[in-house]
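**Q** Have a look at this one before I ask anything.
There are 2 protein chains.
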Amino acid sequence: MTKKNLLQLLIGFLTIVPLVAGCTSQDRPDTEADASAINDIWTEYASRLNDGDIDRWISLWTEEGVQLPPNAPPVIGKDRIRVGMKRALDQFTFNIEITNAEVEVVGNWAFSRGAFTRTDTPKEGGQPVFFDGKYMTILERQADDSWKIHRDIFNSNVASGGE
Amino acid sequence: MTKKNLLQLLIGFLTIVPLVAGCTSQDRPDTEADASAINDIWTEYASRLNDGDIDRWISLWTEEGVQLPPNAPPVIGKDRIRVGMKRALDQFTFNIEITNAEVEVVGNWAFSRGAFTRTDTPKEGGQPVFFDGKYMTILERQADDSWKIHRDIFNSNVASGGE
């Protein structure tokens, strides 16, 4: 191997080192963009439910999504989450507002935590039901760099909150 | 620079590359050890509550810990979490069993999800209260490589579960 070849090889390594280091999760420079994208998911989550658009709402979830609603067992898998939410949207018009408090992005994973209020108005008539709640969510980065909801748990902030 | 110097430099880089890559979160080789350490935290979490040992239980949390109990507002900071749990342990003897279902470790963060049952027996007499619940938790790796609870939310699996 000539001195010139060695030098070329060395330059190659000088190029590769930052690339290898750069692909690590914690050094990703786009954490702010990710946090912004995740906040957008909450805006869309609320809009889809308020519109009663089950198909676009369920598209926010991973296939292996798990929803952990209060006062009910875990709902495992996108298909079952869809069935459960469709049943609710068939019966109620939702008015949900989400205020995200925290996003932490680590590589292809993120957690998000915040508060929500929700008023469910029965479509067949009757008194609306009001919820004042909080949530914690795990999101997973997809192959196309979008984020989807992977785990979601929520509960009431008040003793009489119904959930 | 001589050919020998260049070769030494190259060998240096060949040594550094895997080290740099090895310090990334997703390539950590000790995910199983981390998952095992996190499972141990749940064993300890239950034991400390069942013993009524508030000081050792609270030591499982980060200083900036946030607890999200059902039917109550968020409890923010280790000091407040301690006050709330001490109040409960003063009134009740706990019998809690935790069955962790999932641990996902990403660098210095992990999430954990599972189920628990809890029987709270009033110390002043009266009927025990039974809970059948689920939880999701964010844990943070500490400087000494131990894990601590950073965010914890839980709710009931049953409509009459009381939480």
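Taken in order, these protein sequences are the chains called A and B. Numbering-wise (my numbering), the first sequence opens with residue 659 and increments by one. Numbering-wise (my numbering), the second sequence opens with residue 659 and increments by one. A virtual CB, placed ideally from N, CA and C, is assigned to each residue, including glycine.
Return yes when the Cβ of Asn815 of chain B is within less than 8 angstroms of the Cβ of Val822 of chain A, no when it is not.
**A** Chain A is shown only over 659 to 821; residue 822 of chain A falls outside these bounds and no answer can be derived.
**Q** Ala817 of chain B touches chain A at which residues, Cβ-Cβ below 8 angstroms?
**A** In the second sequence, the residue the question calls residue 817 of chain B occupies position 159. Chain-order list of chain A residues neighbouring Ala817 of chain B: Asn729, Ala730, by C-beta distance under 8 angstroms.
**Q** From Thr795 of chain A to Phe812 of chain B, what does the alpha carbon distance come to, in whole angstroms?
**A** As a position in the first sequence, residue 795 of chain A is number 137, starting the count at 1. As a position in the second sequence, residue 812 of chain B is number 154, starting the count at 1. Across the structure, Thr795 of chain A and Phe812 of chain B are spaced so that their CA atoms are roughly 12 angstroms apart.
**Q** Let's test the definition: count the other Cβ atoms within 10 Å of the Cβ of Gly784 of chain B and tell me whether it reaches 16, buried, or not, exposed.
**A** Position 126 of the second sequence holds residue 784 of chain B. That one is exposed.
**Q** For Ala691 of chain B, which of B:Ile756, B:Asp810, B:Val763 has the nearest alpha-carbon?
**A** Here residue 691 of chain B is taken as the residue at index 33 of the second sequence, counted from 1. Of the listed residues, the one whose Cα sits closest to Ala691 of chain B is B:Val763.
**Q** Would Ser814 of chain B pass as an interface residue toward chain A - the criterion being a Cβ-Cβ separation below 8 angstroms?
**A** Along the second sequence, read from residue 1 onward, the residue named residue 814 of chain B stands at position 156. Closer than 8 angstroms: yes.
**Q** Applying a beta-carbon distance threshold of less than 9 angstroms, which residues of chain B neighbour Ile807 of chain A?
**A** In the first sequence, counting from the first residue as 1, residue 807 of chain A sits at position 149. Residues of chain B passing the Cβ test: none, with the nearest at roughly 12 angstroms.
**Q** Please check the pair Asn708 of chain B and Asn758 of chain B, which I expect to be a contact at CB under 8 angstroms, by giving their CB distance rounded to whole angstroms.
**A** Your numbering for residue 708 of chain B matches position 50 in the second sequence. Your numbering for residue 758 of chain B matches position 100 in the second sequence. Not really, about 17 angstroms apart at Cβ, beyond 8 angstroms.
**Q** Could you confirm whether any beta carbon from chain A is found closer than 8 angstroms to the beta carbon of Ile811 of chain B?
**A** Reading the second sequence from its first residue, position 153 is the one you call residue 811 of chain B. It does; some Cβ of chain A falls within 8 angstroms.
**Q** Please report the straight-line C-alpha distance between Lys792 of chain A and Val761 of chain A, rounded to a whole angstrom.
**A** In the first sequence, residue 792 of chain A corresponds to position 134, counting from 1. In the first sequence, residue 761 of chain A corresponds to position 103, counting from 1. Distance between the alpha carbons of Lys792 of chain A and Val761 of chain A: 14 angstroms.
**Q** Beta-carbon within less than 6 angstroms of Arg771 of chain B's beta-carbon, same chain only, minus the 5 sequence neighbours each way: which residues are those?
**A** Taking the first residue of the second sequence as position 1, residue 771 of chain B is located at position 113. Contacts found: Ala759, Glu760, Met794.
**Q** In the DSSP assignment, find the beta strand (DSSP E) that holds Val763 of chain A and state where it starts and stops.
**A** On the first sequence, residue 763 of chain A is found 105 positions in, with the first residue counted as 1. First-last of the beta strand (DSSP E) with Val763 of chain A: 750 to 764.
**Q** Enumerated in chain order, which unbroken segments of the beta strand (DSSP E) with a length of 3 residues or greater are wholly contained in the stretch 684 to 742 of chain A?
**A** Whole beta strand (DSSP E) segments, 3+ residues: 719 to 726.
**Q** At the 8 angstroms Cβ level, is Phe769 of chain A part of the contact set with chain B, yes or no?
**A** For the purposes of this step, residue 769 of chain A is identified with residue 111 of the first sequence, where counting begins at 1. Closer than 8 angstroms to some Cβ of chain B, the Cβ of Phe769 of chain A qualifies, so yes.
**Q** Should the stretch 795 to 805 of chain A be called in touch with the stretch 705 to 725 of chain B, which here means at least 3 C-beta pairs below 8 angstroms?
**A** Too few Cβ pairs lie closer than 8 angstroms, so no.
**Q** Would you say Leu797 of chain A faces chain B, with C-beta separation under 8 angstroms as the test?
**A** Start at 1 with the first residue of the first sequence, and residue 797 of chain A comes out as number 139. It does not; no Cβ of chain B falls within 8 angstroms.
**Q** Along chain B, which residues have their Cβ under 8 angstroms away from the Cβ of Met794 of chain A?
**A** In the first sequence, residue 794 of chain A corresponds to position 136, counting from 1. Ordered by position in chain B, the residues that pass the 8 angstroms Cβ test against Met794 of chain A are Leu726, Met794, Ile796, Arg809, Ile811.
**Q** Give me, in chain order, the residues of the same chain whose beta-carbon lies closer than 6 angstroms to that of Ala773 of chain B; leave out the 5 immediate sequence neighbours on both sides.
**A** As a first step, residue 773 of chain B is located in the second sequence; it is residue number 115 there, counting from the start. So the list reads Thr757, Lys792, once near-sequence residues are dropped.
**Q** Helix, strand or coil, according to DSSP, for Ala746 of chain B in the structure here?
**A** Translated into positions along the second sequence, residue 746 of chain B becomes position 88. Looking at Ala746 of chain B - three-state DSSP - the assignment turns out to be helix.
**Q** Any idea if Lys736 of chain B is buried or exposed, counting beta-carbon neighbours within 10 angstroms, 16 or more meaning buried?
**A** Taking the second sequence and counting its residues from 1, the one referred to as residue 736 of chain B is at position 78. Lys736 of chain B counts as buried, since at least 16 other C-beta atoms from the protein chains shown sit within 10 angstroms of its C-beta.
**Q** Return the CA-CA distance between Gln725 of chain A and Thr779 of chain A, expressed in angstroms with no decimal places.
**A** Taking the first sequence and counting its residues from 1, the one referred to as residue 725 of chain A is at position 67. Taking the first sequence and counting its residues from 1, the one referred to as residue 779 of chain A is at position 121. Roughly 22 angstroms between the two C-alpha positions.
**Q** Expressed to the nearest angstrom, what Euclidean distance is found between the alpha-carbon atoms of Val733 of chain A and Ala801 of chain B?
**A** On the first sequence, position 75 is the one that residue 733 of chain A refers to. On the second sequence, position 143 is the one that residue 801 of chain B refers to. Each residue's Cα considered, the two are about 36 angstroms apart.
**Q** Would you mind working out which of B:Arg809, B:Pro786, B:Phe788 sits nearest Leu797 of chain B, comparing C-alpha positions?
**A** Here residue 797 of chain B is taken as the residue at index 139 of the second sequence, counted from 1. The shortest Cα separation from Leu797 of chain B among B:Arg809, B:Pro786, B:Phe788 belongs to B:Arg809.
**Q** DSSP three-state call for Pro786 of chain B: helix, strand or coil?
**A** On the second sequence, position 128 is the one that residue 786 of chain B refers to. DSSP places Pro786 of chain B in coil when its eight states are reduced to three.
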